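Residue numbers (our numbering): 47 to 940.
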């Protein structure tokens with residue numbers, strides 16, 4: 047993937063499909079009878095004896111809640127509410143065994159005549175469920191339900207969930223279905239009962255998606271019934287998040303945390319939302335959830351997933367196994383262990399974990415959905431297709447599995463099958479905004495033009511294809527030849543390249559939502575990227591972006607998609623540098639300051655900089671640091687060492703083994719070597735950056751100080767002084783290529799002073815550093831022309847094409863320049879580009895193309911072009927003369 051120079055900013059999807067429903071419920075879930083009032087929360091009304099305990103629990107003062115509930119339970123008061131509250135408050139911090147003991151003690155103090163075992167059965171079952179004691183949990187849920195305990199309907203929900211997770215889908219769904227009648231009977235329901243109704247409906251929604259709207263209403267009524275309880279808000283927030291609506295989910299989760307900042311489940315919900323939004327806060331939030339409840343199995347499994355996406359397989363497996371210490375039969379934990387084993391290439395461990403999951407729940411499609419998601423995140427798209435297919439085979443109602451299947455079919459280039467799969471997925475889950483946006487996109491993609499070259503197939507918008515394909519196909523073929531020699535490998539062909547004229551469309555193709563900050567993405571032999579028309583003119587170098595993504599096709603294919611992200615990105619940037627002078631990301635003061643302040647991650651945690659950045663700009667710094675690492679390896683050990691690394695990953699080795707085998711060092715040793723390399727290469731610049739203290743201006747000898755002095759001198763009209771300060775700034779930081787780079791400003795000042803030779807030298811230096819600065823290339827071309835360096839001027843204009851190929855004047859200047867030196871193939875190319883850009887006078891454009899073709903010896907092409915001109919303007923005298931000249935050509939050339 048290729049990033050812009052600015053941090054990515056995520057925006058909402060182009061269309062929102064899931065929002066709060068209208069006030070009326072669907073007919074299946076009737077509204078409560080008129081005038082129905084909600085009962086107050088149990089034992090909390092009007093300052094009852096447990097009111098303080100409930101408030102303490104809901105606000106996160108679990109110690110106070112435990113003490114209050116315990117006191118009441120030991121005295122036999124407010125049974126069974128005091129006993130349940132005691133256990134619940136202990137469970138909130140992971141003290142599950144202590145909570146079971148508390149229930150036993152409370153049962154022993156229960157008032158005469160109370161059926162303590164039945165009334166506390168559900169509470170026991172929930173604790174046993176959390177500990178993985180499923181048979182005991184099921185027996186207790188059934189006891190509460192069949193014994194008509196006060197919380198029998200809540201036990202019905204718990205029993206349904208347990209049965210669902212054990213593969214007994216039909217019995218579970220029958221239990222859930224009963225909640226519709228339970229609601230519609232008209233009895234006044236408390237907040238917990240309304241939450242149970244909402245939860246049951248979310249399960250039923252897989253068969254009837256309209257029921258999700260009813261679930262929303264049930265949760266909203268639960269919030270109204272007990273505004274102080276964070277739980278219904280978390281329920282509703284998670285439902286919105288599960289239905290791809292982060293915008294609605296956020297405030298609900300934040301409201302829950304405002305009530306209870308230590309709520310483990312709310313913190314985990316916020317972590318899930320952060321992950322959905324692509325925020326680096328997900329990891330920290332999940333860890334905060336574990337600070338409240340270190341035994342929250344779901345948080346451990348979620349952390350394991352985050353680590354897997356960071357390709358930190360060891361840490362992922364460690365978190366999942368910590369979850370198993372609490373719950374040995376956790377489906378989510380065993381699923382993450384299976385995914386870790388797959389990434390590690392450990393077939394035996396994978397089979398063991400997979401079989402464990404399927405023994406627990408033979409219909410657990412979530413296993414394969416998770417495997418598909420992890421495979422996608424780690425660039426193993428063919429694996430993602432295979433896993434998602436297994437998910438759908440196991441459960442045809444696994445709409446997430448079907449969505450993963452369709453999206454990954456598109457990623458491997460099977461557009462027709464992917465389209466059909468996504469249509470079916472959307473029919474079952476019409477809230478999936480990724481699927482919806484992608485189906486929208488496929489309709490637009492169907493109208494793109496296809497342009498083929500020997501090893502590539504480009505898909506481009508018709509308004510851009512004519513001009514853009516002239517350069518894109520040639521560059522792609524050049525890149526293929528260069529990398530085939532460099533890597534000694536050829537990826538499968540044809541390589542598909544989708545070039546999107548709108549960034550939102552490219553973003554949808556990549557992640558399903560608008561707002562991604564990348565410019566291109568490689569799925570192997572399927573590439574997608576922004577066209578230069580998708581961004582403001584001159585915003586990025588589309589030529590280097592295409593080269594970068596083709597590099598990914600080679601390294602992904604070479605390693606059978608096992609290459610870690612940092613190496614793939616580092617090599618892609620380095621390959622850009624080998625392609626053209628100035629291509630490839632460059633160093634900026636922020637990177638060097640991060641290096642100086644020791645904020646760059648160690649190689650052991652290198653992927654964190656790409657996936658979970660700790661500060662703004664770290665993603666760009668990670669790209670540059672990775673390129674320096676690859677540059678250092680190639681410089682000090684030769685490119686064969688890089689190939690040995692790729693072979694190691696292909697053969698299933700992990701990074702420490704690859705580094706040891708291919709480079710003869712440890713990962714820590716390579717990290718020290720890289721930092722020494724950076725220190726040596728940028729030593730003077732690092733010194734010139736200084737170590738600024740907050741609130742103090744930079745010193746006069748620092749890079750920033752010199753820039754400030756130059757700016758002040760410019761404002762005062764002291765041009766010579768400004769130039770001296772700029773020369774000093776350039777001397778201490780010669781590789782800086784920002785828009786305020788000293789060498790660029792020097793070029794402008796020297797040009798204004800009439801010193802064209804020195805201006806040209808400054809512009810040459812700058813454009814050799816910055817691949818994206820369109821105006822600098824044009825300024826260089828102007829100065830070179832003024833100096834009589836016409837060939838150098840044309841070279842600058844050629845470089846500008848890789849930034850903005852839709853600039854008419856650029857092609858006009860090149861066409862005239864090549865015609866002046868009778869470089870007819872290049873002149874023809876430029877005349878074709880001008881014609882494709884819809885010039886104001888198309889007859890003249892056809893005529894000029896015909897003239898260049900004729901001068902270049904292509905009589906047939908010239909005749910066709912001049913006839914096109916005459917079809918537009920039949921009396922075009924110059925075109926008529928040219929047609930006569932072509933017909934009279936004695937050579938009869940082509």
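The C-beta atom is built at its ideal place from N, Cα and C for all residues, glycine as well.
Source: prediction; values computed, not measured.
* Own chain, CB closer than 7 Å to residue 556, minus 5 neighbours either side, in chain order -> Excluding residues within five positions, the ones whose Cβ falls inside 7 Å are 562, 564, 567, 574.
* Pairwise C-alpha distance: residue 819 and residue 793 -> Cα-Cα distance, rounded: 13 Å.
* Please go through the same chain and pick out, in chain order, the residues whose beta-carbon is closer than 6 Å to the beta-carbon of residue 530, but skip the five residues on each side of it. => Excluding sequence neighbours, residue 530 sits near 536.
* Asked: Apart from the five residues just before and just after residue 708, which ones in its own chain have a Cβ nearer than 6 Å to its Cβ?
  -> Within the same chain, residue 708 has close Cβ partners 687, 690, 691, 694.
* Nearest-angstrom Cα separation, counted from residue 139 out to residue 309 -> When only Cα atoms are considered, residue 309 and residue 139 end up about 9 Å apart.
* For the 8 Å Cβ check, are there 3 or more pairs between the segment 306 to 320 and the segment 283 to 295? -> In short, these stretches touch, since the Cβ pair count reaches three.
* Asked: Which one or two residues does DSSP pair with residue 576 in a beta bridge?
  -> Bridge partners of residue 576: 546.
* Asked: Taking contact to mean at least 3 C-beta pairs separated by less than 8 Å, is the segment 471 to 479 in contact with the segment 435 to 450?
  -> Judged by Cβ distances under 8 Å, the segment 471 to 479 makes contact with the segment 435 to 450, as three or more pairs qualify.
* **Of the listed residues 263, 610, 233, nearest to residue 246 (C-alpha basis)** => Put simply, of 263, 610, 233 the residue whose alpha carbon is nearest the alpha carbon of residue 246 is 263.
* Beta-carbon contacts of residue 759 that lie in its chain and below 7 Å, excluding the five residues immediately before and after -> Correct list, in chain order: 767, 768, 771.
* Asked: Excluding five sequence neighbours on each side, which residues of the same chain lie with their C-beta closer than 7 Å to the C-beta of residue 948?
  -> Since the first residue of the chain shown is 47 and the last is 940, residue 948 is not available in this structure.
* Segment limits, beta strand (DSSP E) that includes residue 681 -> Looking at the DSSP string, residue 681 is not in any beta strand (DSSP E); the run it does join, the alpha helix (DSSP H), is 664 to 683.
* Cβ neighbour criterion (16 or more within 10 Å) applied to residue 863 -> Around the beta carbon of residue 863, 16 or more other beta carbons sit within 10 angstroms, so the residue counts as buried.
* **Meets three-Cβ-pair contact criterion under 8 Å: the segment 344 to 354 and the segment 368 to 385** => Counting Cβ pairs under 8 Å, three or more are found: they touch.
* Comparing alpha-carbon positions, which option in 234, 189, 260 lies nearest residue 223? -> The shortest C-alpha separation from residue 223 is found at 260.
* **Within the segment 464 to 491, ranges of the beta strand (DSSP E) (whole runs, at least 3 residues)** => DSSP runs (the beta strand (DSSP E)) wholly in the segment 464 to 491: none.
* Asked: Closest by CA to residue 902, which one among 914, 932, 920?
  -> The residue among 914, 932, 920 with its C-alpha nearest the C-alpha of residue 902 is 932.
* Cβ neighbours of residue 177 in the same chain (closer than 8 Å, five flanking residues each side left out) -> Same-chain partners within the cutoff: 142, 143, 372, 373.
* For the candidate residues 383, 355, 378, whose alpha-carbon lies nearest to that of residue 364? -> Of the residues 383, 355, 378, the one whose Cα lies closest to the Cα of residue 364 is 383.
* **Buried versus exposed call for residue 338 [16 or more other C-beta atoms within 10 Å across all chains shown]** => Label assigned to residue 338: buried.
* Asked: Ends of the alpha helix (DSSP H) at residue 844?
  -> Under the DSSP assignment, residue 844 falls in the alpha helix (DSSP H) whose first and last residues are 836 to 847.
* Asked: With distances taken from CA atoms, which of 775, 198, 387 is nearest residue 190?
  -> Across the set 775, 198, 387, the C-alpha of 198 shows the shortest separation from the C-alpha of residue 190.
* Expressed to the nearest angstrom, what Euclidean distance is found between the alpha-carbon atoms of residue 912 and residue 905? -> The alpha-carbon atoms of residue 912 and residue 905 are separated by roughly 10 Å.
* Assuming residue 276 and residue 312 form a contact by the criterion Cβ under 8 Å, report the distance between their Cβ atoms to the nearest whole angstrom. => Confirmed, about 6 Å.
* Which value, in whole angstroms, describes the spacing of the CA atoms of residue 544 and residue 505? -> Answer to the nearest angstrom: the Cα atoms are 5 Å apart.
* Asked: Are there 16 or more other CB atoms within 10 angstroms of the CB of residue 204, so buried, or fewer, so exposed?
  -> By the C-beta density criterion, residue 204 is buried, having at least 16 other C-beta atoms within 10 angstroms.
* To do: Consult DSSP for residue 280 and reduce its assignment to one of helix, strand or coil.
  => The answer is helix: DSSP assigns residue 280 an H, G or I state.
* Asked: Out of curiosity, what's the CA-to-CA distance linking residue 874 and residue 861?
  -> Take the alpha-carbon of residue 874 and the one of residue 861: they are about 8 Å apart.
* **Entirely enclosed beta strand (DSSP E) segments - the segment 323 to 389, minimum 3 residues** => DSSP runs (the beta strand (DSSP E)) wholly in the segment 323 to 389: none.
* How many angstroms separate the CA atom of residue 74 from the CA atom of residue 207? -> Because the pLDDT of residue 74 is 36, which lies under 50, any placement of that residue in the model is unreliable, and the question is left without a value.
* Asked: With respect to the alpha helix (DSSP H) encompassing residue 496, which residues constitute its N-terminal and C-terminal limits?
  -> Counting along the chain, no alpha helix (DSSP H) covers residue 496; the unbroken beta strand (DSSP E) around it starts and ends at 495 to 499.
* Counted within 10 angstroms of its Cβ, other Cβ atoms place residue 925 as buried (16 or more) or exposed -> Under this definition residue 925 is a buried residue.
* Cβ pair count under 8 Å reaching 3, the segment 734 to 751 against the segment 696 to 708 -> Using a C-beta cut-off of 8 Å, the segment 734 to 751 makes no contact with the segment 696 to 708, since fewer than three inter-stretch Cβ pairs fall below that distance.
* **Per-residue burial, residue 405 [other beta carbons within 10 Å of its own, 16 or more giving buried]** => Classification for residue 405: exposed.
* Between the C-alpha atoms of residue 105 and residue 240, what's the straight-line distance to the nearest angstrom? -> Rounded to whole angstroms, residue 105 to residue 240 spans 21 Å at the Cα level.
* Could you say if the segment 605 to 619 and the segment 420 to 436 meet the contact criterion of at least three C-beta pairs nearer than 8 Å? => Yes, the segment 605 to 619 is in contact with the segment 420 to 436.
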